[in-house]
Amino acid sequence: MATDKFQAPDYYLLDDLLTEEHKLIRNSVREWVKKEVSPIIEEAAQSTVFPKQLLKGLADIGAFGPYIPVEYGGGGLDQISYGLIMQELERGDSGVRSTASVQSSLVMYPIYTFGTEAQRKKYLPKLATGEWMGCFGLTEPNHGSNPNGMLSTIKKDGDNYVLNGSKMWISNAPFADIAVVWAKDEEGVVRGVIVERGMAGFTTPETHGKWSLRASATGELVFDNVKIPKENLLEVKGMKGPLSCLNSARYGISWGAIGAAMDCYDSSLRYAKERIQFDKPIAAFQLTQKKLAEMITEITKAQLLTWRLGVLKNENRATPAQISMAKRNNVNMALQIAREARQIHGAMGITGEYPIMRHMMNLESVITYEGTHDIHLLITGMDITGENAFS
Amino acid sequence: MHTQKKNKRGKITMKILVCISHVPDTTTKISFIENNTKFNAVGVQFIINPYDEIALARALELIEGTDGTVTVINVGDISTEPTIRKALAIGATDAIRVNAAPRDGYFVASQIAAIAKEMNFDFILAGRESIDYNGGQVPAMIAELLGIPSVSIAKKLTIDSATATIDREIEGGKEIVSIPFPFVAGASEGMAEPKIPNMRGIMSARTKPLVVKEALAVDLLQEIKIYDTPKPRGQVKLISPDNAGELIELLHSEAKVI
Numbered sequence: 054m055a056t057d058k059f060q061a062p063d064y065y066l067l068d069d070l071l072t073e074e075h076k077l078i079r080n081s082v083r084e085w086v087k088k089e090v091s092p093i094i095e096e097a098a099q100s101t102v103f104p105k106q107l108l109k110g111l112a113d114i115g116a117f118g119p120y121i122p123v124e125y126g127g128g129g130l131d132q133i134s135y136g137l138i139m140q141e142l143e144r145g146d147s148g149v150r151s152t153a154s155v156q157s158s159l160v161m162y163p164i165y166t167f168g169t170e171a172q173r174k175k176y177l178p179k180l181a182t183g184e185w186m187g188c189f190g191l192t193e194p195n196h197g198s199n200p201n202g203m204l205s206t207i208k209k210d211g212d213n214y215v216l217n218g219s220k221m222w223i224s225n226a227p228f229a230d231i232a233v234v235w236a237k238d239e240e241g242v243v244r245g246v247i248v249e250r251g252m253a254g255f256t257t258p259e260t261h262g263k264w265s266l267r268a269s270a271t272g273e274l275v276f277d278n279v280k281i282p283k284e285n286l287l288e289v290k291g292m293k294g295p296l297s298c299l300n301s302a303r304y305g306i307s308w309g310a311i312g313a314a315m316d317c318y319d320s321s322l323r324y325a326k327e328r329i330q331f332d333k334p335i336a337a338f339q340l341t342q343k344k345l346a347e348m349i350t351e352i353t354k355a356q357l358l359t360w361r362l363g364v365l366k367n368e369n370r371a372t373p374a375q376i377s378m379a380k381r382n383n384v385n386m387a388l389q390i391a392r393e394a395r396q397i398h399g400a401m402g403i404t405g406e407y408p409i410m411r412h413m414m415n416l417e418s419v420i421t422y423e424g425t426h427d428i429h430l431l432i433t434g435m436d437i438t439g440e441n442a443f444s
Numbered sequence: 229m230h231t232q233k234k235n236k237r238g239k240i241t242m243k244i245l246v247c248i249s250h251v252p253d254t255t256t257k258i259s260f261i262e263n264n265t266k267f268n269a270v271g272v273q274f275i276i277n278p279y280d281e282i283a284l285a286r287a288l289e290l291i292e293g294t295d296g297t298v299t300v301i302n303v304g305d306i307s308t309e310p311t312i313r314k315a316l317a318i319g320a321t322d323a324i325r326v327n328a329a330p331r332d333g334y335f336v337a338s339q340i341a342a343i344a345k346e347m348n349f350d351f352i353l354a355g356r357e358s359i360d361y362n363g364g365q366v367p368a369m370i371a372e373l374l375g376i377p378s379v380s381i382a383k384k385l386t387i388d389s390a391t392a393t394i395d396r397e398i399e400g401g402k403e404i405v406s407i408p409f410p411f412v413a414g415a416s417e418g419m420a421e422p423k424i425p426n427m428r429g430i431m432s433a434r435t436k437p438l439v440v441k442e443a444l445a446v447d448l449l450q451e452i453k454i455y456d457t458p459k460p461r462g463q464v465k466l467i468s469p470d471n472a473g474e475l476i477e478l479l480h481s482e483a484k485v486i
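Line by line, the protein sequences give chains A and B.
Okay, so the first sequence: first residue is 54 according to my numbering, each after it adds one.
Okay, so the second sequence: first residue is 229 according to my numbering, each after it adds one.
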């Protein structure tokens, strides 16, 4: 890929809403992405290789558990810091951001929130340094938007438990050291357990042939009579366990998508000013200006939405429905911008010389995972009408 | 002034001062206000002067694994504190801000020299120049005011217990000089790779000391009368290869280069 010339748009001077520390964190991640991610990401995506060499750097810049308290190895930072880190990572690549989202919100968050003190001490510090990587098992082959219909089971076996079933579309699965897995007990109640690599009967076959998130490793989790020590059970019952993890991850995604959109916009703006057709830059044509003007408008709206959501989240006032609205709006916004950006780049837009098509293909996953575009609409619909339109 | 000693592992423990400037980001669109007499700072992002970042990175490498310290100093008003905080996040031990707008090179050098005189540093590093005014005067002036040697445009810096060895850029090559402590050097590309702050660094920067000192009165030696920006570059003119005569005529009459 050509040199990363990214300059972040801030049309409404929203930096004024951030603290100096927020800006230092964001700018540090931005510099790190330019130095470590941009030079290697295109080739990683083209050759579908997960860039494992980034893990230590991701840990150093605080991408693993930024809001987990310092005593457990986290950053002890606020939710806006977490959002800004996700934004900058996804500016580089949604796959890299996904790795960090999963580690922070779907692995460290449940262990911190629902784990015993022993579990917190055993797992969190090593997850924060990236020495251990984690994944999250909720979705099953026949249960995506309806996770509560899951078939995986966890049954008592003397003092311990036995886990059976399979999970699909699991980011980080092929190399994860641990998995936070959700399954139903004898009473049909959803329970969470920490499964460790090496436990007999636990395998993680990789999913191949993806056209999206190609620089991120995806796989299945297969449990064939896996014996789970009772110490590995999380202290939570019911769907509120996994759903609260998804809330945290979706919040991060709503910031992340802005990163991908900003990269597409920034590249489009530069390209439109440089590309000459009919003796003038294509930026001088009305149809190009329409695309660019709408992009910066949508990005600015999304920036304001997430900033406000971050303030609410810091105050513990953000509702799941508000998070759904931001995830749905921002990911769709980023995908539409990626498509328009592809048009502005002309044929160059389909090559790896520019990040556009990689972002666009990545966002096709992002608009589906962690609650599809349609499901989030129904969450908003139910929230405002009081009527459940899911089933 | 020279306080270095060896620690148990035989490593030299140094006390280093690094001077940092607060300058507009390299991508800033420069403009002036008040009849071209004042820089227009509206909407401008400020960063640590890139050459100073190199100096800071090398200083931190030299104290790594020792009990040595790196103090950063900046002459600036309160708006430079985020820049100083970043230097602390990168790894500086503590910081001093001299509370005054940096009027010119002599003013800045005088403030830094006054503080350095009291604090006994083993050596002082600065960037070879700041990327805003590009005076390139401060390192040599500090040395002169302290009566110690200085090296400009230092591309490599190694130390042993008695001296420092510095590769200095000269026209068409380099010269390698040996210099006794204490000294001042102006860091240039090659001395070290700038460091990006990590999360631990950002968190620990919150509580590192940042001392504010009032500025000394210093005579005004120079005054900026007016700024001027280069004229925008014109359109490229394409002359067809079989029309060399027109090209020569344009180079002569329009570009005035032949």
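Heads up, the beta-carbon is just placed ideally off N, CA and C, and yes, glycines get one too.
Which whole-angstrom value is the C-beta distance of residue i and residue j, which I expect to be below 8 Å?
i: Leu357(A); j: Ala379(A); result: Not a contact, Cβ separation roughly 10 Å.
i: Thr299(B); j: Phe274(B); result: Actually they are not in contact, since the Cβ atoms of Thr299(B) and Phe274(B) sit about 21 Å apart, beyond 8 Å.
i: Leu137(A); j: Arg79(A); result: 4 Å
i: Asn201(A); j: Phe276(A); result: No, Asn201(A) and Phe276(A) are not in contact; Cβ-Cβ is about 19 Å, not under 8 Å.
i: Ala387(A); j: Ala313(A); result: 5 Å
i: Tyr304(A); j: Ile376(A); result: 5 Å
Please confirm whether residue i and residue j have their CB atoms less than 7 Å apart.
i: Met139(A); j: Trp308(A); result: yes
i: Asp69(A); j: Asn367(A); result: no
i: Asp230(A); j: Trp185(A); result: yes
i: Thr40(A); j: Ala226(A); result: Since the first and last residues shown for chain A are 54 and 444, residue 40(A) lies out of range.
i: Lys423(B); j: Asp322(B); result: no
i: Arg313(B); j: Ala433(B); result: yes
i: Lys439(B); j: Ile261(B); result: Looking at the sequence provided, one finds Val at residue 439(B) rather than Lys. No, these two residues do not count as a Cβ contact at 7 Å.
i: Glu259(A); j: Gly272(A); result: yes
i: Ala181(A); j: Gly126(A); result: yes
i: Val272(B); j: Thr256(B); result: yes
i: Ile311(A); j: Asn383(A); result: yes
i: Ala315(B); j: Ile248(B); result: yes
Are any of the Cβ atoms in chain A nearer than 7 Å to that of residue i?
i: Met419(B); result: no
i: Ile258(B); result: no
i: Ile318(B); result: no
i: Pro310(B); result: yes
i: Met229(B); result: Any reading at Met229(B) must be qualified, since the residue scores a pLDDT of 48, below 50, and its modelled position is unreliable; no value is offered.
i: Thr255(B); result: yes
i: Asn302(B); result: no
i: Pro437(B); result: no
i: Lys314(B); result: yes
i: Met242(B); result: no
i: Met347(B); result: no
i: Pro460(B); result: no
i: Asn426(B); result: yes
Is the Cβ of residue i closer than 7 Å to any Cβ of chain B?
i: Gln132(A); result: no
i: Asp316(A); result: no
i: Gly115(A); result: yes
i: Glu124(A); result: no
i: Ser157(A); result: no
i: Ser320(A); result: no
i: Gly294(A); result: no
i: Gly128(A); result: yes
i: Glu84(A); result: yes
i: Gln60(A); result: yes
i: Ser81(A); result: yes
i: Tyr177(A); result: It is Leu, not Tyr, that sits at residue 177(A) in the sequence shown. It does not; no Cβ of chain B falls within 7 Å.
i: Leu77(A); result: yes
> Going along the chain, which unbroken runs of the alpha helix (DSSP H) with 4 or more residues stay wholly within the region 116-177 of chain A?
Replying inline: 132-145, 147-154, 162-167
> Should the region 239-258 of chain A be regarded as contacting the region 389-402 of chain A, the criterion being three or more beta carbon pairs within less than 8 Å?
Replying inline: no
>> Closer than 8 Å is the cut-off here; do at least three beta carbon pairs connect the region 285-303 of chain B with the region 243-263 of chain B?
In response: yes
> Quick one: any contact between the region 318-334 of chain B and the region 444-457 of chain B, if contact means 3 or more CB pairs under 8 Å?
Replying inline: Pairwise C-beta distances place the region 318-334 of chain B in contact with the region 444-457 of chain B, as three or more of them are shorter than 8 Å.
>> Would the region 356-367 of chain B count as touching the region 478-486 of chain B if we require 3 or more Cβ pairs under 8 Å?
In response: Remark: fewer than three beta-carbon pairs, one from each stretch, lie closer than 8 Å, so the region 356-367 of chain B and the region 478-486 of chain B are not flagged as touching.
> At what residue ranges does the region 177-211 of chain A contain a whole run of the beta strand (DSSP E), taking only runs of 3 or more?
Replying inline: 187-190, 206-210
>> Does the region 394-414 of chain B come into contact with the region 343-362 of chain B, if we say contact requires no fewer than three beta-carbon pairs (one atom in each stretch) closer than 8 Å?
In response: They touch, by the three-pair rule.
> Would you say the region 304-318 of chain A touches the region 340-357 of chain A, given that touching needs at least three Cβ pairs under 8 Å?
Replying inline: yes
>> If we require 4 or more residues per run, which alpha helix (DSSP H) segments fall completely within the region 272-343 of chain B?
In response: 278-291, 309-318
> Do the region 453-462 of chain B and the region 106-122 of chain A meet, that is, are 3 or more Cβ pairs less than 8 Å apart?
Replying inline: As far as the Cβ criterion goes, the region 453-462 of chain B does not touch the region 106-122 of chain A, which means the pair count is below three.
>> What ranges does the beta strand (DSSP E) occupy inside the region 269-356 of chain A, keeping only unbroken runs of at least 3 residues that lie completely in it?
In response: 271-281, 286-290
>> Taking 8 Å as the cut-off, does the region 277-285 of chain B touch the region 466-473 of chain B (at least 3 CB pairs, one atom from each stretch)?
In response: no
> Is there contact here, the region 368-375 of chain B with the region 393-407 of chain B, by at least three beta-carbon pairs under 8 Å?
Replying inline: no
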